[in-house]
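Okay, structure first, notes after.
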Amino acid sequence: MSSVVAKGPRDLQKNVLAKGLCSACGACTNLCPYIDMVKGRAVLIEPCGLSEGKCHDFCPRAYIDVPSLDKLIFGSYRKDLALGSNISVTKARAKDSEIKSSAQYGGVVSALITYALETGEINAAVLAKSQDSISAEPIIARNRKEVLECAGSKYIVCPTVTGVLEAMKQEKSKIGVVGTPCQITAVRKMQASNFEIEADKKGLLIGLFCTWAVSPDAYNYIRELVGPAKVTKLDVPPPPANIFVIQTEAKKIEVPLDEVRKFIMPACNVCFDMTNEFADISVGTVEGEEDWNTVIVRTKEGERILQGAIDAGVIETKPLEKARFDHLCEASLTRKKRVLTETEAEKMAYLTIREEDKSKIVS
Amino acid sequence: MSYVEIDEPGERVLLMGNEAIARGALEAGVDFCSGYPGNPASEILEALARAAKKFDFYVEWSVNEIVALETAGAAAFTGLRALTAMKNLGADVCADFLMTVNLSGTRGGFVLVTGDDPSAHSTTSELDTRNYARFAEIPLLEPATTQEAKDMTKWAFDLSQELGVICMVRTVTRLSHSRGVVTLGPIKRDKRSAEFSSQDVWTSGSSTIECMFHSILHEKLKRAQEKFEESKFNWYVGKEDADFIIITSGTGWPYSLEAVKLMELENEVGILKLGTTWPLPEKLVASHLKHAKEVLFVEETDPFLEQNVKILAAELAAEGVGPIKFYGKKSNHIRGEYGAGTGELNVDIVIRALTETKKATYPLREKEYSEKAQKLLGSYVPARSMGFCAGCPHRASFWAIKKAAKWDGREAIVTGDIGCYSLGLLPTGFSVAKTLHCMGAGIGTANAFGNLKDFGLDKPVIAIAGDSTFYHACMPALVNARWNGSNILFVVLDNNTTAMTGHQPHPGTGVNAMGDSSPRILIEDICKAVGAEVRVCDPFDLDEAVQNLYEMLQNEGVKVMIFRHECPLAFPEEKKARVYVDQDRCLGDECGCVRFCTRVFGCPGNIWDYEKGKAKIDEVICNGCGLCAKLCPVEAIIVEEVA
Chain A
1311 MSSVVAKGPR DLQKNVLAKG LCSACGACTN LCPYIDMVKG RAVLIEPCGL
1361 SEGKCHDFCP RAYIDVPSLD KLIFGSYRKD LALGSNISVT KARAKDSEIK
1411 SSAQYGGVVS ALITYALETG EINAAVLAKS QDSISAEPII ARNRKEVLEC
1461 AGSKYIVCPT VTGVLEAMKQ EKSKIGVVGT PCQITAVRKM QASNFEIEAD
1511 KKGLLIGLFC TWAVSPDAYN YIRELVGPAK VTKLDVPPPP ANIFVIQTEA
1561 KKIEVPLDEV RKFIMPACNV CFDMTNEFAD ISVGTVEGEE DWNTVIVRTK
1611 EGERILQGAI DAGVIETKPL EKARFDHLCE ASLTRKKRVL TETEAEKMAY
1661 LTIREEDKSK IVS
Chain B
43 MSYVEIDEPG ERVLLMGNEA IARGALEAGV DFCSGYPGNP ASEILEALAR
93 AAKKFDFYVE WSVNEIVALE TAGAAAFTGL RALTAMKNLG ADVCADFLMT
143 VNLSGTRGGF VLVTGDDPSA HSTTSELDTR NYARFAEIPL LEPATTQEAK
193 DMTKWAFDLS QELGVICMVR TVTRLSHSRG VVTLGPIKRD KRSAEFSSQD
243 VWTSGSSTIE CMFHSILHEK LKRAQEKFEE SKFNWYVGKE DADFIIITSG
293 TGWPYSLEAV KLMELENEVG ILKLGTTWPL PEKLVASHLK HAKEVLFVEE
343 TDPFLEQNVK ILAAELAAEG VGPIKFYGKK SNHIRGEYGA GTGELNVDIV
393 IRALTETKKA TYPLREKEYS EKAQKLLGSY VPARSMGFCA GCPHRASFWA
443 IKKAAKWDGR EAIVTGDIGC YSLGLLPTGF SVAKTLHCMG AGIGTANAFG
493 NLKDFGLDKP VIAIAGDSTF YHACMPALVN ARWNGSNILF VVLDNNTTAM
543 TGHQPHPGTG VNAMGDSSPR ILIEDICKAV GAEVRVCDPF DLDEAVQNLY
593 EMLQNEGVKV MIFRHECPLA FPEEKKARVY VDQDRCLGDE CGCVRFCTRV
643 FGCPGNIWDY EKGKAKIDEV ICNGCGLCAK LCPVEAIIVE EVA
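These protein sequence lines map, in sequence, to chains A and B.
Position one of the first sequence corresponds to residue 1311 (this note's numbering), numbered consecutively onward.
Position one of the second sequence corresponds to residue 43 (this note's numbering), numbered consecutively onward.
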């Protein structure tokens, strides 16, 4: 059942890069002199000649063996086909006002990472930092101030995993990562890999819910709308608004969401994972309640840390209403169904899921 | 002091062929010398430039061969003795002036020396410039020895002055670059003055005037021919009235002589050696065609003598001369590795031709020795591709171009040009460049590649040229690109010298052929004047270089990137940095880089320690540029600046 076949950069080029399926997660770059990350895509400068490599092994679009990863991370196959393995699903938000005001929504991610750094659960966190609130770069944060500089959602892809590889070279112990589903999947693949890599330095993987990201080409589109004005926040309000909001210091600009959808990375169109199924804790919005987050606790480690944060008064929680929960499950399932039935089989060849799961989702 | 310059007539010295030519010009009292660096002729002008101040005459490197011929031609109009030297391909460049100055004629002695390169050892065509003499209808001299190189050059000035027409001396690599014994003559320094009177008109004319001048040129050729019949540069050796003769010229002479001697055919075969090969001394040649039944032509590279003598033989047939069996290129008896009419001559080729035509046998070498040599050749001397020197900025430039083109992802077309950087087509240049023809053809061809969008070709285009090439040939194509709306990125590799040919100066270096300071004409100024987007960068600042190239590839129009960094051989650092591989940091084959430094980057300074299984720096070859250190993924290569 496992589709793990040892392959190398030529296969990466053929199956992922040449097909435009690269999600710019960054897992294949920073490993060797042969692959660069350029404007939202990995570029193979020259094949190194090896027939197997970490580049292919870590790539979340080269292959994802879902049941295999489930077993590795959670100890068993998933029971929840909509949301993936999980221990609990709640609503949560940060209590600290500074964190809340910096955050996109509930501030849970910033609060958790800050808590984890301050309590020594992790020594460093790999986050996406934006100087202009439009584009972002991976950085390694080590304190609250540095974490808060990274608060807020990023819509243009940021190759966060290059930061993870960098952090693993520097740090001697646990690292935290905040990433999108493809990015967190790449980090889990590193941990699962047969290649020698010191990925046992996992500390805390916080996964963001994600429906899509846009390519760096979107930068010019946004910049033209605002001119030289400083952007303070980007946002996608919940449906049925169907708009994209650009907040500058002076004003608020709204454009049809379809204008921005033109820049969606092709890699996102084949993605199976909306709620970040391999993270320790997954965090997303609560549609209609801007100051709260939906939080899915998946691993024991995640549970322990979240509880610690609650006990420390860093985070408060509330039960998630059933309607919202159902809505979340439906959204996730719809996506999975679409991707399994409407996308060309060739583009979905990377994904391995259990046959029984597939038939259940599709029906 | 060089033997070229010593004032000791009668002295026997060892001179390189090119030095002998320079000496010949000195002995003829040359006043004005020009040329463009080009193998195998470069040393001619260099030797003259060194002697210029001492003997009070003028030498310049011109920007290209046609300007060189034009300046020397003009000097000859004023009555001065002028010489222009160039490689074979240079004759192509100056052909326009050659084909008109032959008609206008000249006053002072005017000599064109061309250096051909059979087998194209270091050039992109083994074309035979003797054809130009026939084409331009001017006298041609082919030296066969170092002595003749001097004597013919000297005589060419007298001949040219007497006839009033440019004369050509043609040499080849093997003669130009070997050394032979030369008996020196006296150095002549007549004080000539340049004159252009109000009555002077110098032109090839047009319509009836041109035809008249053309007819006059034919007269000059006839007079040359009369002199050639008596010339001491032509001779016949061997059996008198032989049935089998060799007709040869240039380096064919020593090869023929040696072959005949080795095969002990001196009493059977005659050798007619011609030094004046256009126009043919027909009476002399006819006198030997009358007794020959078989003729073997030995010459480099084209069947020039072969065809011209066959024409003569056809004309003589009516007088009862012949029938004659002709052997040479047409009959495939004189052939190189890739066939007749290609490749350089050697003694073995002539011996083989003689064994085949005379049905004789001659073992070139003992069979056992031959087999042993063949085997050892394979193990001791592996075939190697040419490579950039250690520390060459072109290695950095081509890596930057490769990266930027891959980043761009649209399969950029990269056109190459002539210079050290021609090697951009080879693995040393990461096989980045895909075309190579002549000076300026890089940007010339790029003009079209960048303008075929309407025909469906929409890839980015990167044209490459060196600094000296830029002044030589690229400017018109640059203007053309802007004028005709071509979308190209022009990368100029400025290493502040004309490197490939021996580090001669050019208009950007601030120095001229005679070592005096000259105004620097900046490439960026010219490009800006043309209206291109211009950026300048040091290719060793690799990230900056790649980023800039990548950005420029996204823009429309004519863009110029000047990669500027001095050639480390022309301008060696006083104290080069010490570069070495930290043996603990280097992970050898465990790295996963798959020996990136030695295998991909490939600088001769990067070597592999097979005992330790790790990378190493050859500190003797290394020039301390530090680029490999920047590229090592584990930062194992250390660069230590020396205080």
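Backbone N, C-alpha and C fix where the C-beta goes; we use that ideal spot for every residue, glycine too.
Bear in mind the structure is a predicted one, so any value in this text is a computation, not a measurement.
Any idea which residues DSSP pairs residue i with across the strands?
{"i": "residue 77 of chain B", "result": "B:103, B:127"}
{"i": "residue 1594 of chain A", "result": "A:1604"}
{"i": "residue 320 of chain B", "result": "B:182"}
{"i": "residue 212 of chain B", "result": "B:156"}
{"i": "residue 648 of chain B", "result": "B:659"}
{"i": "residue 1346 of chain A", "result": "A:1353"}
{"i": "residue 536 of chain B", "result": "B:606"}
{"i": "residue 339 of chain B", "result": "B:289"}
{"i": "residue 575 of chain B", "result": "B:601"}
{"i": "residue 546 of chain B", "result": "B:540"}
Which bits of chain B does residue i rub up against, with CB to CB less than 8 Å?
{"i": "residue 1355 of chain A", "result": "444, 445, 448"}
Name the chain B residues that come within less than 9 Å of residue i, Cβ to Cβ?
{"i": "residue 1475 of chain A", "result": "Ordered by position in chain B, no residue passes the 9 Å Cβ test against residue 1475 of chain A, which lies about 11 Å from the chain."}
Please say whether residue j and residue i have beta carbons closer to each other than 8 Å?
{"i": "residue 166 of chain B", "j": "residue 129 of chain B", "result": "no"}
{"i": "residue 533 of chain B", "j": "residue 439 of chain B", "result": "yes"}
{"i": "residue 1402 of chain A", "j": "residue 1626 of chain A", "result": "yes"}
{"i": "residue 1404 of chain A", "j": "residue 1421 of chain A", "result": "yes"}
{"i": "residue 171 of chain B", "j": "residue 195 of chain B", "result": "no"}
{"i": "residue 668 of chain B", "j": "residue 600 of chain B", "result": "no"}
{"i": "residue 1513 of chain A", "j": "residue 1494 of chain A", "result": "no"}
{"i": "residue 87 of chain B", "j": "residue 77 of chain B", "result": "yes"}
{"i": "residue 623 of chain B", "j": "residue 663 of chain B", "result": "no"}
{"i": "residue 1565 of chain A", "j": "residue 1553 of chain A", "result": "yes"}
{"i": "residue 1523 of chain A", "j": "residue 1465 of chain A", "result": "yes"}
{"i": "residue 1579 of chain A", "j": "residue 1662 of chain A", "result": "no"}
{"i": "residue 1570 of chain A", "j": "residue 1562 of chain A", "result": "no"}
{"i": "residue 211 of chain B", "j": "residue 443 of chain B", "result": "no"}
{"i": "residue 418 of chain B", "j": "residue 275 of chain B", "result": "no"}
{"i": "residue 1431 of chain A", "j": "residue 1340 of chain A", "result": "no"}
{"i": "residue 548 of chain B", "j": "residue 513 of chain B", "result": "yes"}
Out of the options, point me to the one whose CA is closest to residue i's CA.
{"i": "residue 324 of chain B", "options": "B:222, B:536, B:267", "result": "B:267"}
{"i": "residue 1669 of chain A", "options": "A:1657, A:1643, A:1334", "result": "A:1643"}
{"i": "residue 507 of chain B", "options": "B:602, B:237, B:142, B:318", "result": "B:602"}
{"i": "residue 570 of chain B", "options": "B:610, B:261, B:524, B:579", "result": "B:524"}
{"i": "residue 16 of chain B", "options": "B:331, B:633, B:253, B:505", "result": "The structure shown has nothing for residue 16 of chain B, since chain B only spans 43 to 685."}
{"i": "residue 1621 of chain A", "options": "A:1425, A:1472, A:1504", "result": "A:1425"}
{"i": "residue 593 of chain B", "options": "B:683, B:502, B:514", "result": "B:502"}
{"i": "residue 180 of chain B", "options": "B:190, B:158, B:140, B:189", "result": "B:140"}
{"i": "residue 91 of chain B", "options": "B:112, B:65, B:106", "result": "B:65"}
{"i": "residue 1637 of chain A", "options": "A:1460, A:1393, A:1340", "result": "A:1393"}
{"i": "residue 52 of chain B", "options": "B:265, B:226, B:342", "result": "B:226"}
{"i": "residue 584 of chain B", "options": "B:605, B:566, B:574", "result": "B:605"}
So residue i contacts chain A; which residues on that side make the cut at Cβ distance below 7 Å?
{"i": "residue 451 of chain B", "result": "1353"}
Inset, instruction - Note down, in chain order, all residues in the segment 1336-1348 of chain A with a beta-carbon under 9 Å from any beta-carbon belonging to chain B. - result: 1340, 1341, 1342, 1343, 1344, 1346, 1348
Legend entry - Interface residues of the segment 1357-1384 of chain A facing chain B [CB-CB below 9 Å]: 1358, 1359, 1360, 1363, 1364
Inset, instruction - Would you list, in chain order, the members of the segment 672-684 of chain B that have their beta-carbon closer than 7 Å to a beta-carbon of chain A? - result: 673, 675
Legend entry - Interfacial residues, the segment 631-642 of chain B to chain A, with Cβ spacing under 7 Å: 634, 635, 636, 638, 642
Legend entry - Contacting positions in the segment 464-494 of chain B - beta carbon closer than 8 Å to chain A: 472
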